[in-house]
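One structure is given below, encoded as structure tokens.
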Amino acid sequence: MATGLTKEQDRLAVAMIRGLAMDAPLAAKSGHQGTAMALAPLAHVLYSRVMRHDPAQPEWSNRDRFILSNGHASILQYAALYLNGYGLELDDLRQFRQWGSATPGHPERGHTAGVEVTTGPLGQGFANAVGMAIAERHLRARFGAELHDHHVFVVAGDGCFMEGISHEAASLAGHQKLDRLICVFDDNKVTIDGSTDLSCSDDVSQRFRSYGWNVVELGDVADDLDRLEQALNTAKSHRGSPTLLVLRTHIGTPSPDFTDAPEAHGNPFGAAHVTATKKVMGIPDEPFWVDAATVEAVRGHARSRGAAASAQHAKIAARAPKEWHAAWQPPRSEAWASTPPVFDPASSVATRVAVQKSIDASRDDLPGLLVGAADLTGNTGAKISGAVALSAEHPEGRQLFYGVREHAMGAIAVGMALHGGILPAVGTFFVFADYMRPAVRLAALSRAKVIFVFSHDSVGVGEDGPTHQPVEQLASLRVIPGLRVVRPADANETAQAWRQACDHDGPTALILSRQNTAVVTDGRAVDRGAAIVRDTDGSPRLIIVATGAEVAVAVEAARVLGEDGMQVRVVSMPCPELFAAQDPTVRSHVLPIGVPVLSVEAASTFGWSTFADDSIGIDRFGASAPGNVALARLGISVDNVVARSRELLDALGM
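Final position of the sequence shown in the numbering used here is 659; the numbers increase by one with none missing.
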């Protein structure tokens with residue numbers, strides 16, 4: 006088939022990818038060359054014949070997306086990006102997996118041009134691809150095919166499909182009929198431990214057919230460039246369902262020593278094995294050898310294919326409606342036509358209810374906002390009132406029903422965010438953040454702008470008991486670098502927290518209450534992470550710091566203590582991380598040095614020693630009981646806060 010490259014250039018391109026796939030791991034004294042070697046022809050066909058991309062404009066919005074879900078084979082993508090002129094050079098490949106290099110061990114979004122998502126934990130990239138396919142179809146339905154009509158290609162291996170997240174993501178993709186999604190299954194039948202027969206006897210093809218996918222079993226054609234091109238282009242033209250291309254590959258090919266061997270997976274080839282393999286391929290036995298003329302030919306071909314498409318799209322985008330531009334570059338909240346809702350101090354509102362009102366208020370200002378939940382839409386507040394459900398029949402819908410699929414939901418949201426044009430907000434019970442942890446972590450690592458709405462934030466959940474009562478989740482999320490965790494005190498702080506999350510350039514976790522909570526703040530604590538919500542006439546003798554519904558408990562305890570003449574300040578600290586980042590003068594104004602501090606939070610006390618001299622919390626699992634009973638029995642009560650306040654002052658001799 007005509008490609009703009011000669012057969013000899015195609016042969017050399019594949020050989021160079023395979024050679025680099027051996028040389029870079031050998032230099033780094035690491036492994037994972039085998040998959041890259043086997044998939045070298047596929048990568049070359051995708052980049053040179055099938056995908057619409059422009060190396061000079063790697064972020065243009067209507068490009069095809071490529072995701073390497075089995076990210077341990079990162080050298081495959083780096084070699085392809087090098088050959089196609091994305092800015093990587095041989096020196097970058099020589100620094101594979103080294104400190105500060107552009108070629109880290111697994112692909113990282115924002116670190117290397119041409120890498121769409123951060124992959125590595127198996128199955129996550131596959132679910133990210135589902136999210137990208139949802140984003141593409143949604144934007145196409147709303148703004149037209151001139152602006153959005155591209156495909157999402159994902160390569161996944163046996164490990165990706167063994168991980169449970171793949172079941173959830175594939176099931177939803179089939180249900181949604183995402184026909185711009187094409188997955189190539191690298192069916193090499195090898196894992197690190199040995200043959201897949203050791204642990205797995207799934208019929209992957211039948212499994213995906215049951216999800217509603219179009220499954221094509223390509224057989225043993227991994228080295229046939231024309232057959233690969235034909236299969237990929239046929240998949241592109243298929244309508245009505247996503248496509249799985251089952252490609253039988255031979256890990257480590259064409260190594261005379263390790264083809265089809267588990268050793269080709271995790272361990273680097275020795276120098277002698279590299280020499281033997283390069284002899285089979287007919288290329289010089291030189292580290293990081295490339296044929297300069299072929300590299301230039303491949304790069305020129307990529308430029309000629311991509312430049313016209315991206316330039317034409319830029320002209321179309323220039324006359325796109327303002328809603329499209331606002332979806333891709335959401336306006337900051339100060340430019341919104343709407344204002345956040347304000348709640349009466351005399352009211353009592355669950356913060357999960359307040360977030361839903363906040364979402365509704367901002368919906369028209371954020372045309373890219375797409376909200377959904379894992380079968381808990383009404384329970385969590387992750388809802389746009391009156392929105393059409395996003396479905397195969399209504400891809401323009403802005404309410405996505407994920408079903409009971411928290412694992413995939415988080416990763417799908419990350420994929421949508423990194424696709425662009427979508428601001429995803431996803432909701433579930435806080436205790437199920439544990440199901441989503443890999444995706445939440447990768448959202449932080451890749452700075453994906455996702456709003457995670459976690460409700461039912463404490464033992465106030467009640468009768469469901471300790472399996473559903475989060476106690477350690479707050480502390481565990483707060484230690485994730487780059488994740489902003491906000492637990493608002495009341496409805497007013499929730500409205501401001503939603504606004505802040507929409508402005509924040511990265512992921513936010515909103516931790517919300519099931520139970521009604523007294524409105525005791527004006528919401529201003531959110532912007533700096535903490536603020537005084539009840540102060541004293543003179544210098545405070547004690548400061549009570551609290552988050553969430555416990556702020557109202559602290560305010561009432563301070564009132565009781567005040568009746569005995571004790572000057573007590575109450576501070577709401579919805580985001581300790583943000584407060585810790587403030588200027589020292591701001592922190593000392595809120596928490597003056599020398600004044601004892603008692604923290605109150607219905608969760609693990611881990612981490613509170615940073616701010617507090619003593620802490621009231623829950624350092625055990627909860628119990629099945631009415632929420633108010635569980636809270637009181639576990640020490641989250643006005644009486645206990647009053648008693649512990651006096652004990653702290655007595656212990657300090659104050």
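C-beta: ideal position from N, C-alpha, C; glycine also.
Exposed unless 16 or more other CB atoms sit within 10 angstroms - verdict on D644: Residue burial annotation: D644 is exposed, with fewer than 16 other C-beta atoms found within 10 angstroms of its C-beta.
Residue from V476, T433, Q478 and G467 with nearest C-alpha to V458: Taking only the C-alpha atoms, the option nearest V458 is T433.
Which first and last residues belong to the alpha helix (DSSP H) in which V279 is found? DSSP places V279 in the uninterrupted alpha helix (DSSP H) bounded by A276 to M286.
What residues in its chain sit with their C-beta under 6 Å from that of S260, if we drop five residues either side in the sequence? Counting only Cβ-Cβ distances below 6 Å, and skipping sequence neighbours, we find T282.
Burial state of S667 (16 or more Cβ within 10 Å): Within the shown structure, residues of the chain are numbered from 6 to 659, placing residue 667 beyond reach of any answer.
Identify whether A392 lies in helix, strand or coil by the three-state DSSP scheme. A392: coil per DSSP, three-state reduction.
Please confirm if H412 has its CB atom under 9 Å from at least one CB of chain D. Going by chain labels, chain D is absent from the structure shown, which holds only one protein chain.
How about V326 and G377: do their beta carbons lie closer than 9 Å? Note that residue 326 is Pro in the sequence shown here, rather than Val. G377 is positioned such that its CB atom lies no closer than 9 Å to that of P326.
Hey, quick one: how far does the alpha helix (DSSP H) through G99 stretch, first residue to last? Position check: residue 99 holds Arg in this sequence, whereas Gly was assumed. DSSP places R99 in the uninterrupted alpha helix (DSSP H) bounded by L95 to R99.
Please confirm whether G632 and R519 have their CB atoms less than 9 Å apart. Pairing G632 with R519 gives a Cβ-Cβ distance under 9 Å.
Three-state secondary structure assigned by DSSP to S460: Of the three classes helix, strand and coil, the one that applies to S460 here is strand, per DSSP.
Residue span of the beta strand (DSSP E) that contains R574, given as start and end: First-last of the beta strand (DSSP E) with R574: V573 to S577.
Starting from S200, follow its DSSP beta bridges and name the residues at the other end. DSSP lists V195 as partners of S200.
Alpha carbon to alpha carbon, what distance is there between A266 and D15? In this structure, the straight-line span from the alpha carbon of D15 to that of A266 is close to 26 Å.
With which residues is I621 paired in a DSSP beta bridge? Note: I621 sits in a beta bridge opposite V605.
With 16 other Cβ atoms within 10 Å as the buried cut-off, status of P350: By the neighbour-count rule (16 or more Cβ atoms within 10 Å), P350 is not buried but exposed.
Excluding the five sequence neighbours on either side, which residues of its own chain have a C-beta within less than 7 Å of the C-beta of V234, listed in chain order? For the sequence presented, residue 234 should be read as Glu rather than Val. Cβ contact annotation for E234 (same chain, cutoff 7 Å, sequence separation greater than five): M6, V50, R54 and V55, in chain order.
Where does G179 sit, in a helix, a strand or coil, going by DSSP? Note: G179 maps to helix in three-state DSSP.
Limits of the beta strand (DSSP E) - the one that Q361 falls within: Boundaries around Q361 are those of the alpha helix (DSSP H), T356 to S367, since no beta strand (DSSP E) includes it.
Coil, strand or helix - A430 by DSSP: If DSSP states are grouped into helix, strand and coil, A430 belongs with the strands.
Rank A298, A314, G271 and A297 by C-alpha distance to the C-alpha of D59 and give the top, closest one. Nearest of A298, A314, G271 and A297 to D59, Cα basis: A314.
Mark L657 as exposed unless 16 or more other C-beta atoms lie within 10 angstroms of its C-beta, in which case mark it buried. Residue burial annotation: L657 is exposed, with fewer than 16 other C-beta atoms found within 10 angstroms of its C-beta.
Member of H412, A379, L423 and N384 whose CA lies at the smallest distance from the CA of L405: For the options H412, A379, L423 and N384, the alpha carbon positioned closest to that of L405 is the one of A379.
If you count every other CB in all the chains shown that lies within 10 Å of the CB of G534, and 16 or more means buried, which is it? Its Cβ being crowded by 16 or more others within 10 Å, G534 is buried.
Work out the CA separation of A20 and M286 for me, nearest whole Å. Straight across, the Cα-Cα distance linking M286 with A20 is about 7 Å.
Whether A449 touches G136 by CB criterion (9 Å): With contacts defined by Cβ atoms closer than 9 Å, A449 and G136 do not form a contacting pair.
What alpha helix (DSSP H) runs, 4 residues minimum, are completely inside the stretch 483-537? Listed in chain order, the alpha helix (DSSP H) runs fully inside the stretch 483-537 are 496-508 and 530-533, counting runs of at least 4 residues.
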